[in-house]
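Q: Count the sequence shown with the working numbering and you get residues 61 to 638, in order.
Glycine included, C-beta positions come from ideal geometry on N, C-alpha and C.
Predicted, not measured: the structure shown is a model, and the values here were computed from it.
Following this message is one structure expressed as C-alpha cells.
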Amino acid sequence: MNKTTPLVSLLLFFLFFNAFGQVTELQYKPRPAAYEFYQNFGDTLIVSLRTPNVENSFESKLPYPMIFIHGLNSSSETWNDSFNYYNSQYGWQFGGRFDFCLNADGNNATTNLNFFPTPGADIAAFETTVQNGDYYSVNFNVNTDGSIGSAALSNQSAIYKQGVAVKKAVERVMQLTGKDKVILVGHSMGGLASRQYIQNPENWQADNYHHVAKLLTLGTPHGGSNASDSGLGWFAGIDTRSEAIRDLKISYYYSGDQGRFLFGGQEINNSSNMNEHLADPDFYNIDVNCNGILGENIVGLNAKPIDHFIDYSTVIGRITNLFGSNITTDGVVEEPQSRMDTYLTGLTYPTKVFLFNSGYDLIENHTELPGYYYQMMQGLDEPNFRQLAYQVQTNKEYTGFTTVQSPVGADNDFFKFTVDNTYDATVNVSSIVTSSMNATILDSAGNPVGASQSNSGSTIGFTRVLTAGDYFLRIVSTNPTNTNYQTPYRFTINTTLATPTNAFADLMYYPNPVKDVLHLDNISLSKVSVFSVLGQLVAEKSFDSTTNSIDLSQLNSGIYLVVLEGENQQHTIKIIKE
61 MNKTTPLVSL LLFFLFFNAF GQVTELQYKP RPAAYEFYQN FGDTLIVSLR TPNVENSFES
121 KLPYPMIFIH GLNSSSETWN DSFNYYNSQY GWQFGGRFDF CLNADGNNAT TNLNFFPTPG
181 ADIAAFETTV QNGDYYSVNF NVNTDGSIGS AALSNQSAIY KQGVAVKKAV ERVMQLTGKD
241 KVILVGHSMG GLASRQYIQN PENWQADNYH HVAKLLTLGT PHGGSNASDS GLGWFAGIDT
301 RSEAIRDLKI SYYYSGDQGR FLFGGQEINN SSNMNEHLAD PDFYNIDVNC NGILGENIVG
361 LNAKPIDHFI DYSTVIGRIT NLFGSNITTD GVVEEPQSRM DTYLTGLTYP TKVFLFNSGY
421 DLIENHTELP GYYYQMMQGL DEPNFRQLAY QVQTNKEYTG FTTVQSPVGA DNDFFKFTVD
481 NTYDATVNVS SIVTSSMNAT ILDSAGNPVG ASQSNSGSTI GFTRVLTAGD YFLRIVSTNP
541 TNTNYQTPYR FTINTTLATP TNAFADLMYY PNPVKDVLHL DNISLSKVSV FSVLGQLVAE
601 KSFDSTTNSI DLSQLNSGIY LVVLEGENQQ HTIKIIKE
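Quick look at the structure:
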C-alpha cells in the first residue's frame, strides 16, 4: 500500500497549519447562545435556523469543501432549498454557518476593516457550531448584538468588508476539513464578495495564497446593477443609501459617473460625483475601501488582475416578456453585466455559463437562483482542463458528477494525484449512470499512460504502472443527460508497490563474437552505449523500435561493454569484437 509514515504525517501537518497559526486568532463577540439557532420576526414568530448535525466520524468524499455566500439584503437561509436537496440526494454534510455583523459599531456614517475586539471595529464574528463537512454558509444578516436580522444593515454593507470576512471563513474551513483549497459559491453580491477576496492579495491567507479552486457565481452583477433606480430596491426593503448600493452601482443616478467600487475613481460626493439622491446625506458614507480616509482614488475591482488558474462558472437567469419569450435579464442584473468575462477579458480558461430560462417570470427570477440546484450542479461540475484539476489522494474514495455542458458536449472531469514511488495504480469507477464513460491516466505533461478504458455497464477498472511523479485522472462522459447529475459516480485510485519486471528477460543479442553488426532483439531500447574495458565511450545510438542493431565495424578488435537502456532500466552485456 502507499503509506505515509507517522513522521511524514506530522511534518505535513506542521507545514500546512503553521502558516495559519501565524494569523491573529479570531475572537468572537459574546451573544446569547439562542441567537445562533433562532430568528425572531416581530413579537411572536420564531424561525429555526439551519445548524449542522454533529458527526464526529465524518469524512468527505468531495475533493474540496464549498462555502456559500448570499447576496444583498439576504441571509444564509436563501440556500435552504438547494441544501435540502444536497443532503437528501447526495448525503452531503453541512459543516456549519459563519455569522458576521459588518456594521458592528452601529454607525452607518463611518466604516473600517477592523474586527472585534478592536475598539470601534466594524466587523464582529459570532461563534457558531461548525465541524468537518462538505459545505458551509456565510451569513451577514446579523445585528450588532449577534441576533439574526437586518436592523444593522450588515447584509447591505461594503463589499470591502465582505471580502475580509470571506478570508476568515476560508481560513476556518481549511482548518476544519484539512483541505488546502475551497470552492466559493456566491449569489448576487456574494459573487463580488468572493472576487473581492480573490483579487486582493492583502485578503489572502498567511501563506500568501487564496486557496480557491473554483468560483461559481449566480446572478452576480460583475458589471454592476442600477436596479435600485427603478424603485424595486425600495420595494424589497433595501436602503438605497447603504454601502452595498453604493458599491453595486454601474453609474450614479444624477451625476451619471461610473460606480467607484467596480470601475474606480475618486471618493468624492458632489453634483458631478457619486450623486445618487440629490439629498444630504447621499450615501451614508463614501469610504469605498473602508480605511477611514476620504478622497482617495479607488482602483475598481474590474481593473484588478485575477488568477487565471481558478475554475470559473456562472449561472444567469432570464425572465420572460409578455409574449412568453426569454429576455436577457433576471429582473435585477442584466446581461452583459452578469458575465464576468465581459470585464475580466482574456481569461486562459473562460467562464462556463449556464442559463436558467424562466417559464413566465415577468418581474424577476434573480432571487430564485439559489434554489435552482440543477443549474448549480452544472456550475459545480469538476474542471474541464487538467491545468485546473482538483487534487485527490490515492487509496481514498471520491465522488464526481456528470452534467450537461455549455456548449453541449462531452463532460471532461480532471483530477490530479501524486505517487512517491513505483506503484501499480488501479483505477475503479462505479455507479456510472451515463451511457458512455471512459477514463485515462495522464502524465504530468498530459500524455496518456496506456490506453483509455471505457465503461462496462456501470463500472470501469484498469491498472497502470506509475513511477514517482504527478499524474492526472481524466474521466469523460461522452453523452451526458439532464438527469445524470442526480447520481454521482464514485472513483478510487488504489496504489500498491509494483513488482519490478525485468525488461531484458527475453533479450537476444547476436552474433558474439561480432565482426560488424550486433543485433539486439525482443527489447524496447531507448539508447545503447558501447564502452572499452578502460571505460571510454566509443559508440552510441538511440532507438525507437523493438528490433535494433548497432554497427560496430569501425571498432578495433577486443572486449567491449555494451550498456542497454530501455523502459527505465539498464542492462550491461559483454561482447567480443573480432
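Over the uninterrupted alpha helix (DSSP H) stretch that includes GLY223, give me the two end residues.
A: The residue given as residue 223 occupies position 163 in the sequence shown. Start and end: 219–237.
Q: What's the C-alpha gap between VAL393 and MET234?
A: By one-based count along the sequence shown, residue 393 stands at place 333. By one-based count along the sequence shown, residue 234 stands at place 174. So the alpha carbons of these two residues sit roughly 32 Å apart.
Q: What whole-angstrom Cβ distance do ALA599 and VAL590 have, given they're in contact under 8 Å?
A: Position 539 of the sequence shown holds residue 599. Position 530 of the sequence shown holds residue 590. The Cβ separation is near 4 Å, so the contact holds.
Q: Pick out whichever of SER217, THR405, MET126 has its Cα sitting closest to the Cα of ALA169.
A: For the purposes of this step, residue 169 is taken as residue 109 along the sequence shown, with counting starting at 1. Among SER217, THR405, MET126, the Cα nearest to that of ALA169 belongs to SER217.
Q: For ASN417 and PRO430, I'd like the C-alpha separation in whole angstroms.
A: For the purposes of this step, residue 417 is identified with residue 357 of the sequence shown, where counting begins at 1. For the purposes of this step, residue 430 is identified with residue 370 of the sequence shown, where counting begins at 1. Cα-Cα distance, rounded: 14 Å.
Q: Confirm, please, whether the CB-CB distance from TYR531 to SER504 is below 8 Å.
A: Residue numbering aside, residue 504 sits at position 444 when the sequence shown is read from its first letter. Residue numbering aside, residue 531 sits at position 471 when the sequence shown is read from its first letter. Yes, Cβ-Cβ distance for SER504 and TYR531 is below 8 Å.
Q: Compute the distance between the beta-carbons of ILE243 and ALA273, then report whether it is under 8 Å.
A: Within the sequence shown, residue 243 is the residue found at index 183, counting from 1. Within the sequence shown, residue 273 is the residue found at index 213, counting from 1. Yes, they are a contact pair.
Q: Starting from GLN438, follow the alpha helix (DSSP H) in both directions and report where the run begins and ends.
A: For the purposes of this step, residue 438 is taken as residue 378 along the sequence shown, with counting starting at 1. Counting along the chain, the alpha helix (DSSP H) containing GLN438 begins and ends at 433–440.
Q: For TYR145 and TYR433, which I take to be in contact (beta-carbon distance under 8 Å), what is that distance rounded to the nearest angstrom?
A: Locating residue 145 in the sequence shown gives position 85, where the first residue counts as 1. Locating residue 433 in the sequence shown gives position 373, where the first residue counts as 1. 5 Å between Cβ atoms; contact.
Q: Measure from the alpha carbon of ASP182 to the alpha carbon of each residue in THR171, SER398, TYR483, GLY297, then state which is nearest.
A: As a first step, residue 182 is located in the sequence shown; it is residue number 122 there, counting from the start. Out of THR171, SER398, TYR483, GLY297, THR171 has the C-alpha closest to the C-alpha of ASP182.
Q: Could you give the distance in angstroms between the alpha-carbon of SER142 and the alpha-carbon of HIS271?
A: The residue given as residue 142 occupies position 82 in the sequence shown. The residue given as residue 271 occupies position 211 in the sequence shown. The alpha-carbon atoms of SER142 and HIS271 are separated by roughly 25 Å.
Q: Could you give the distance in angstroms between the alpha-carbon of ASN201 and the alpha-carbon of LEU86?
A: Residue numbering aside, residue 201 sits at position 141 when the sequence shown is read from its first letter. Residue numbering aside, residue 86 sits at position 26 when the sequence shown is read from its first letter. Each residue's Cα considered, the two are about 19 Å apart.
Q: Would you mind sorting ALA225 into buried or exposed? The rule is 16 or more other CB atoms within 10 Å of its CB.
A: Position 165 of the sequence shown, counted from the start, is the residue given in the question as residue 225. When all chains shown are included, ALA225 counts as buried.
Q: Taking a contact to mean a Cβ-Cβ separation below 8 Å, would you say ASP471 touches THR459 in this structure?
A: Taking the sequence shown and counting its residues from 1, one reaches residue 471 at position 411. Taking the sequence shown and counting its residues from 1, one reaches residue 459 at position 399. The answer is no: Cβ separation not under 8 Å.
Q: When burial is assigned at 16 or more other CB atoms within 10 Å of the CB, is ASP611 buried or exposed?
A: Working through the sequence shown from its first residue, we reach residue 611 at position 551. The residue is exposed, with fewer than 16 neighbouring Cβ atoms inside 10 Å.
Q: Just curious, the alpha helix (DSSP H) that GLY209 is in, first and last residue?
A: Taking the sequence shown and counting its residues from 1, the one referred to as residue 209 is at position 149. Counting along the chain, GLY209 falls outside any alpha helix (DSSP H), and DSSP gives it neither H nor E.
Q: Do you know whose CA, among PHE474, ARG550, ILE553, GLN546, lies nearest VAL536's CA?
A: As a working note, residue 536 is residue 476 in the sequence shown. Answer by Cα proximity: PHE474.
Q: Out of LYS241, ILE370, GLY618, PRO365, state which residue places its alpha-carbon closest to the alpha-carbon of VAL574.
A: Within the sequence shown, the letter at position 514 stands for residue 574. Among LYS241, ILE370, GLY618, PRO365, the Cα nearest to that of VAL574 is on GLY618.
Q: Just to confirm, is the Cβ distance from THR204 to GLY166 under 8 Å?
A: Taking the sequence shown and counting its residues from 1, one reaches residue 204 at position 144. Taking the sequence shown and counting its residues from 1, one reaches residue 166 at position 106. Yes, these two residues count as a Cβ contact at 8 Å.
Q: Apart from the five residues just before and just after TYR569, which ones in its own chain have a Cβ nearer than 7 Å to its Cβ?
A: By 1-based counting over the sequence shown, the position of residue 569 is 509. Closer than 7 Å at the Cβ level, and outside the excluded window around TYR569, lie LEU578, HIS579, LEU580, ILE633.
Q: Cα-Cα, which of ASP367, THR189, THR300, ASN381 is closest to TYR344?
A: Translated into positions along the sequence shown, residue 344 becomes position 284. Per the Cα distances, THR300.
Q: When the distance is taken between beta carbons, is TRP139 closer than 8 Å to SER197?
A: If you number the sequence shown from 1, residue 197 lands on position 137. If you number the sequence shown from 1, residue 139 lands on position 79. Going by C-beta atoms, SER197 is nearer than 8 Å to TRP139.
Q: Between TYR313 and SER207, is the Cβ-Cβ spacing less than 8 Å?
A: As a first step, residue 313 must be located in the sequence shown, where it is residue number 253. As a first step, residue 207 must be located in the sequence shown, where it is residue number 147. Cβ distance not < 8 Å, so TYR313 and SER207 don't count as in contact.
Q: Taking the CB atoms as reference points, tell me whether SER315 and SER332 lie closer together than 8 Å.
A: Taking the first residue of the sequence shown as 1, we reach residue 315 at position 255. Taking the first residue of the sequence shown as 1, we reach residue 332 at position 272. A contact, by the Cβ cut-off of 8 Å.
Q: Please list the terminal residues of the continuous beta strand (DSSP E) segment that includes GLU303.
A: For this step, residue 303 is matched to residue 243 along the sequence shown. Here GLU303 belongs to no beta strand (DSSP E); instead the alpha helix (DSSP H) covers 303–308.
Q: Look up GLN265 in the DSSP assignment and give the residues it is bridged to.
A: As a first step, residue 265 is located in the sequence shown; it is residue number 205 there, counting from the start. The partner list for GLN265 (beta bridge, DSSP) is empty, contrary to what the question assumes.
Q: In angstroms, rounded to a whole number, what distance separates the CA positions of LEU213 and THR494?
A: As a working mapping, residue 213 is identified with position 153 in the sequence shown. As a working mapping, residue 494 is identified with position 434 in the sequence shown. Using only the alpha carbons, I get a separation of about 47 Å.
Q: Do you know how far the Cα of GLY209 is from the Cα of ASN455?
A: Here the question's residue 455 lines up with position 395 in the sequence shown. Here the question's residue 209 lines up with position 149 in the sequence shown. Cα-Cα distance, rounded: 45 Å.
Q: Three or more beta-carbon pairs under 8 Å between the region 440–449 and the region 391–406, yes or no?
A: Verdict: no, contact absent.
Q: Below 7 Å CB to CB, which residues in the same chain sit around LEU236 once its five sequence neighbours on both sides are set aside?
A: In the sequence shown, residue 236 corresponds to position 176, counting from 1. If we look at LEU236 and ignore the five residues flanking it on each side, its Cβ neighbours are GLY155, VAL190, GLN191, ASN192.
Q: Drop a sphere of 10 angstroms on the beta-carbon of GLY319, count the other beta-carbons inside from all chains shown, and report buried for 16 or more, exposed for fewer.
A: Working through the sequence shown from its first residue, we reach residue 319 at position 259. Classification for GLY319: buried.
Q: State the DSSP-derived secondary structure class of ILE328, mapped to helix, strand or coil.
A: Residue 328 sits at position 268 when you count from the first residue of the sequence shown. ILE328: coil per DSSP, three-state reduction.
Q: Which residues in the same chain have their Cβ closer than 6 Å to the Cβ of VAL464, if we skip the five residues on either side of it in sequence?
A: Here residue 464 corresponds to residue number 404 of the sequence shown, with the count starting at 1. Closer than 6 Å at the Cβ level, and outside the excluded window around VAL464, lie PRO540, ASN542.
Q: Residues in its own chain within less than 7 Å of ALA253 by CB, not counting five upstream and five downstream?
A: Against the sequence shown, residue 253 aligns to sequence position 193. Hits under 7 Å: ILE129, ILE219, GLN222, GLY223, VAL226, GLY246.
Q: In whole angstroms, what is the alpha-carbon distance linking ALA304 and ASN335?
A: Residue 304 sits at position 244 when you count from the first residue of the sequence shown. Residue 335 sits at position 275 when you count from the first residue of the sequence shown. In a straight line, the C-alpha of ALA304 is about 15 Å away from that of ASN335.
Q: Assuming GLN256 is part of the alpha helix (DSSP H), what are its boundary residues?
A: Along the sequence shown, read from residue 1 onward, the residue named residue 256 stands at position 196. Unbroken alpha helix (DSSP H) run through GLN256: 249–258.
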